[in-house]
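In our numbering, the protein residues as written are 14 to 383.
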Ligand SMILES: [Zn+2]
């Protein structure tokens with residue numbers, strides 16, 4: 014794969030993760046028995062797992078051209094086994110299935126690669142999973158995909174080589190979008206709102222109303238007054254927009270469900286097998302999308318304050334109060350975004366944030382009137 018410039022790169026689909034890709038290229042030559050890819054789904058963990066598996070299964074170490082490489086990259090090689098959970102969490106039944114798969118002999122290649130998604134959701138099945146990962150047969154390599162490492166999974170994580178997939182840099186996402194034909198201005202705004210998540214960037218680029226939502230968050234500093242009723246109105250507007258943002262995903266889910274239904278009907282079955290699980294997963298994804306939307310919006314807002322700060326500093330006649338207010342606001346917004354996951358009351362979170370960063374608005378820069 015080194016001598017032929019026309020050979021496709023296994024890791025072509027992995028965007029903006031040079032450090033992780035460098036580690037995986039080196040590891041593929043002499044792999045350990047278990048890897049943990051730490052990063053969000055949209056950070057490139059899935060294409061990276063396929064590319065790594067191609068390196069491990071290809072007879073020549075990942076040429077990128079042979080039939081093995083092609084099928085592994087397409088996800089259709091029998092020795093690349095992708096394990097998805099069947100319920101809301103990666104449960105005990107899933108762990109049992111995994112233990113059986115791990116014992117299986119490879120069909121074609123010298124080894125098999127088991128890629129397990131959503132391992133951060135294996136809290137209850139952690140002991141069973143640990144046992145499997147600790148005692149793998151020689152021909153099995155595990156790749157565990159994990160968005161975070163909860164306390165129950167610390168031991169499992171310690172048995173794996175960890176490879177980090179941080180959020181993809183906004184500039185990289187912007188270039189990637191432009192290369193896919195997205196117009197430059199739009200690409201910049203979408204990259205900013207993507208939170209370093211390529212899946213999210215892809216959907217936002219196709220979402221006609223995203224620019225308006227982005228502008229709504231950008232407009233917050235000029236609308237702040239520091240009082241409760243303005244803060245409540247702002248929170249209402251932004252949460253309504255976040256709700257609307259989920260619509261394209263809901264439509265896609267409805268289509269998916271329709272396709273499954275007609276498939277079942279053509280097989281003469283009355284119901285989709287596992288219908289409840291499908292609905293639960295869709296609902297979870299929709300909730301997640303909404304939270305991501307709010308978090309990304311807070312990121313846009315924090316940047317709006319930082320831009321103000323830089324403008325004030327660049328203008329030379331920087332008012333001390335403006336500088337202080339903008340940097341305090343940016344810090345408070347970033348903290349609010351970080352606490353979003355464990356804070357079930359988004360309305361309250363946004364309202365108190367807006368009261369806090371809005372107080373003093375009329376004295377210091379923001380064009381606020383009463
Ligand atoms: Zn190959």
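In this text, a Cβ means the ideal position worked out from N, Cα and C, and glycines have one as well. As the structure is a computational prediction, the values presented were derived from the model and not from experiment.
Cβ neighbours of residue i in the same chain (closer than 8 Å, five flanking residues each side left out)
| i | result |
| --- | --- |
| residue 41 | 65, 68, 69, 74 and 75 |
| residue 79 | 71, 72 and 73 |
| residue 183 | 204, 205, 207 and 209 |
| residue 262 | 216, 298, 299 and 302 |
| residue 267 | none |
| residue 56 | 30, 178, 179, 180, 181, 209, 210 and 211 |
| residue 133 | 159, 160, 161, 162, 163 and 166 |
Residue i versus the options, residue with shortest Cα-Cα distance
| i | options | result |
| --- | --- | --- |
| residue 140 | 260, 356 and 169 | 169 |
| residue 304 | 322, 278 and 353 | 353 |
| residue 223 | 256, 182 and 194 | 256 |
| residue 264 | 286, 216 and 104 | 216 |
| residue 29 | 327, 177 and 290 | 177 |
| residue 98 | 56, 126, 55 and 142 | 142 |
| residue 35 | 194, 244, 21 and 61 | 61 |
| residue 185 | 210, 292 and 105 | 210 |
| residue 112 | 284, 296, 144 and 192 | 144 |
| residue 338 | 356, 372 and 172 | 372 |
| residue 285 | 342, 83, 273 and 126 | 273 |
| residue 147 | 47, 162, 240 and 83 | 47 |
| residue 107 | 89, 88, 119 and 128 | 128 |
| residue 63 | 82, 330 and 221 | 82 |
| residue 341 | 369, 214 and 110 | 369 |
| residue 122 | 296, 59, 153 and 218 | 153 |
| residue 221 | 193, 243 and 259 | 259 |
Same chain, Cβ closer than 7 Å to residue i, five either side skipped, listed in chain order
| i | result |
| --- | --- |
| residue 165 | 136 and 139 |
| residue 360 | 248 and 252 |
| residue 32 | none |
| residue 313 | 205, 206, 227, 230 and 231 |
| residue 116 | 150 |
| residue 175 | 49 and 51 |
| residue 350 | 308, 311 and 312 |
| residue 187 | 200, 201 and 204 |
Span of the alpha helix (DSSP H) around residue i
| i | result |
| --- | --- |
| residue 339 | 333–352 |
| residue 202 | 197–206 |
| residue 141 | 139–147 |
| residue 295 | 288–327 |
| residue 251 | 241–258 |
| residue 167 | 167–171 |
| residue 360 | 359–371 |
| residue 235 | 233–236 |
Same chain, Cβ closer than 6 Å to residue i, five either side skipped, listed in chain order
| i | result |
| --- | --- |
| residue 196 | none |
| residue 347 | 315 |
| residue 45 | 174 |
| residue 343 | 315, 318 and 319 |
| residue 26 | 60 |
| residue 271 | none |
Span of the beta strand (DSSP E) around residue i
| i | result |
| --- | --- |
| residue 51 | 47–51 |
| residue 155 | 153–159 |
| residue 191 | Segment 183–192 is the alpha helix (DSSP H) holding residue 191; no beta strand (DSSP E) there. |
| residue 221 | Segment: none, residue 221 is in no beta strand (DSSP E) and carries neither H nor E. |
| residue 129 | 125–129 |
Near ligand 3: residue i beta-carbon under 6 Å from a heavy atom
| i | result |
| --- | --- |
| residue 128 | Among the ligands present in this structure, namely ligand 1, ligand 3 is not found. |
Length at least 4, wholly inside the stretch 86–120: the alpha helix (DSSP H) runs in chain order: Runs of the alpha helix (DSSP H) inside the stretch 86–120: 105–116.
Those residues, in chain order, that have a beta-carbon closer than 7 Å to some heavy atom of ligand 1: Chain order is used for the residues whose beta-carbon lies nearer than 7 Å to a heavy atom of ligand 1, namely 67, 71, 72, 73, 75, 76, 77, 78, 79, 81 and 82.
Alpha helix (DSSP H) segments (min. 4 residues) lying fully within the stretch 36–81: As far as the stretch 36–81 is concerned, its whole alpha helix (DSSP H) runs of at least 4 residues are 58–70.
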